[in-house]
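Take 788 as the starting number for the sequence shown in our numbering and just add one per residue.
Virtual Cβ for every residue (Gly too), placed ideally from N, Cα, C.
These numbers were taken from a predicted model, which means no experiment stands behind them.
So the structure is just underneath, and the comments pick up after that.
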Amino acid sequence: MNSSDNPLRICCIGAGYVGGPTMAMIAKQCPDIQVTVVDLNQSRIDQWNSDVLPVYEPGLKEVVEEARGRNLSFSTDVEEGIRGSNMIFISVNTPTKTHGVGAGRAANLEFVEKCARRIAECSQGHKIVVEKSTLPVRTAEAVKRILKSSSNGATFDVLSNPEFLAEGTAVSDLLAPDRVLIGGESSEAIEQLARVYERWIPRQKILTTNLWSSELSKLTANAFLAQRVSSINSISALCEATGADVDEVAKAIGTDSRIGPKFLKASVGFGGSCFQKDILNLVYLCEHFGLSDVASYWEQVVKMNDYQKQRFSKRIIRTMFHTVSDKQIAIWGFAFKKDTNDTRESAAIYICRDLLEEGARLVIYDPRVSEKQIRNDLLNVFKDHSLEVSARHRRLIETNVSVVSDAYQASQNAHAIAVMTEWDEFKKLDMKRVYENMYRPAFVFDGRNILDETALAKIGFEVHGIGRSSKFSI
Ligand code: UDX
Ligand code: UDX
């Protein structure tokens, strides 16, 4: 396929947080390969074709601008995208099922199946289909069977090539990944994909496995990472009860080379589109295969995360004299982590829900998340089983939530500040100015342990971090 009469042409279905940046990087690094990213969502495609990309990632704009119009294009013409390519990535979303068998756990594979059917319909000749979306182990089996039904006699190889990039660092992760994983049956197809990555990634970092190992490795990697966060968060509760400091404990254990320092930052709880979804998917798979002990082991990671979020809301309420009703709380940060505009499963959503239920007035500021997104997320979190939002909750969001454009404004006349996202700008604020405009006692609940609590206590704040004893004004 790399011969000049049949050069490699890539199409990716799904222009989301994964498909968009990954394809932009391939196009940047391989100027001779045509890369087309297609998506059903017209406004998303329009954004990819504009100056304001739908995904905020440091350095992404430069990568897109270098390749767009040269060998990178974004379009809604899925059929043409499939026809014109010989390697097709599937990077559509695979959310947790909300109803039916496996609701709340199993992955909804509707979009992946639809993509496979579309590929089967529109293809001729031979194509390599690459699973980029995170999928339950053995999904490739179903994809292969659907592709076989192609009416045009097209033939296919199916590869699994999970993406390990983290949001906020997508560009650097794509530029220098720890590894690239390619699973498949055909060594020729594996080789063709490996040659793409080899343009900028050393060969020894490109691992090849069978299909099932590759699919399962992605779920396992996310489960292990999330487990570390839940483990340190569980210890944070013990630290608060005993006077130990969780950041000191994390440092002490992280210097053990067998444990390592990463993913040991205690927090208000992990969020993001992947951790919870992938663990629940793993739990469902284990149950499906009759491994109920294994399922409950992993389920505990999600339960611990829910516990951590609840603990944080309860601590705010308890500390503020058991009531936050009609009190103003500044919410600093709404994204699930810094350097992204993504709010999926962000802990902030759940903390805001709990505080609103208690009657608090919230003034929210996030450097990258739009007011529309924040209001949408809050409406969604109040949906009941029939996916309705009660009139009371709608009113609550209308009257008790404001979204402002800087952190000072959010804390003006506030009774408390809750830090939800570890944005760097929060560390650089003039906290004396913040303090002067707040009610006393001026509470700070630092859900990310990013603020200098000793300095804050000196100003007069009462600071409650995660996994450490509270610091009162001194
Ligand atoms: C998605 C999956 O959630 C994740 O499991 C996987 O690892 C990578 O792909 P992400 O890119 O973050 O992650 O999802 P999202 O931002 O929702 O993007 C998916 C895109 O696919 C959306 O733009 C959606 O419009 C598009 N899509 C979905 C299609 O084009 N066709 C479909 O049939 C379904
Ligand atoms: C994750 C995986 O890291 C990535 O490899 C995979 O492809 C997708 O899922 P992502 O969700 O983008 O990436 O971000 P990540 O940096 O893993 O953070 C996930 C959540 O855990 C965030 O809410 C973050 O704040 C939280 N976290 C992370 C902690 O609370 N403490 C930590 O030490 C690390």
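DSSP lists V824 as the bridge partner or partners of F861. Residues of the same chain with a CB within less than 6 Å of the CB of Y984, apart from the 5 flanking positions on each side, are V967, I993 in chain order. Taking C-alpha positions only, R904 is separated from A963 by approximately 34 Å.
Burial state of S1083 is exposed, judged by a 10 Å Cβ sphere holding fewer than 16 other Cβ atoms. In this chain, the alpha helix (DSSP H) harbouring M810 covers 806-816. Listed as beta-bridge partners of Q1115 by DSSP are R1148. Within the same chain, W1210, E1212 come within 7 Å of P1154 by CB-CB distance, once the 5 residues on both sides are set aside.
At a cut-off of 7 Å, the beta-carbon of V1016 counts as near ligand 2: some heavy atom of the ligand is closer than that.
Between A894 and T881, the beta carbon gap of about 5 Å places them in contact (Cβ cut-off 8 Å).
The three-state reading of DSSP puts C799 in strand, counting E and B together. V1190 sits away from F1232, with the two beta carbons spaced by 8 Å or more.
According to the DSSP assignment, L962 belongs to the alpha helix (DSSP H) that extends over 957-962.
Using a cutoff of 7 Å, the CB of T1029 does not count as near ligand 1, since none of the ligand's heavy atoms is closer than that. Nearest in C-alpha terms to F1121, of all of S920, V930, N1163, P949, is N1163. F876 carries a strand assignment under DSSP once its states are collapsed to helix, strand and coil. The three-state secondary structure of A976, taken from DSSP, is helix.
When DSSP states are grouped into helix, strand and coil, L1143 belongs to the helix group. One residue after another in chain order, those with a Cβ under 5 Å from a heavy atom of ligand 2 are F951, A953, E954, V1016, F1050, K1052, S1054, F1057, G1058, G1059, C1061, F1123, K1124. A Cβ-Cβ distance of about 4 Å is found for the pair S1023 and A1053, placing them in contact under the 8 Å criterion. The continuous stretches of alpha helix (DSSP H) do not include T883, and DSSP gives it neither H nor E.
When the beta-carbon positions are compared, I1136 and S1100 stay at least 8 Å from each other. Per DSSP, V1036 lies in no beta strand (DSSP E) segment; the continuous alpha helix (DSSP H) that holds it begins and ends at 1033-1041. D1153 sits in coil when the DSSP states are folded into three classes, being neither helix nor strand.
Sequence-distant Cβ neighbours of E853 in its own chain, meaning closer than 8 Å and more than five residues away, are K815. One alpha carbon belongs to E1249, the other to L1238, and they sit about 12 Å apart. In chain order, T942 place their CB closer than 6 Å to the CB of H913, counting only its own chain and leaving out the 5 sequence neighbours on each side. Inter-residue distance for T1186 and G1247 is about 30 Å (C-alpha atoms, whole angstroms).
Looking at the DSSP output, G1252 sits in a beta bridge with D1233. Assignment of beta-bridge partners to S1189 by DSSP yields V1150. Using a Cβ-Cβ distance cut-off of 8 Å, the segment 967-976 and the segment 952-959 are not in contact, since fewer than three pairs of beta carbons, one from each stretch, lie closer than that value. By the Cβ neighbour-count rule, H1109 is exposed, with fewer than 16 other Cβ atoms within 10 Å of its own.
Distances from the CB of F898 to the heavy atoms of ligand 1 include at least one below 7 Å.
The way I'd put it, the segment 861-880 does touch the segment 795-806; three or more beta-carbon pairs between them come closer than 8 Å. Boundaries for A1203: no alpha helix (DSSP H) harbours it, while the beta strand (DSSP E) harbouring it runs 1203-1206, taken from the DSSP string. By the CB criterion at 8 Å, E1002 and V924 fall inside the cutoff. Under the 10 Å beta carbon count, P949 is surrounded by 16 or more other beta carbons and is classified as buried.
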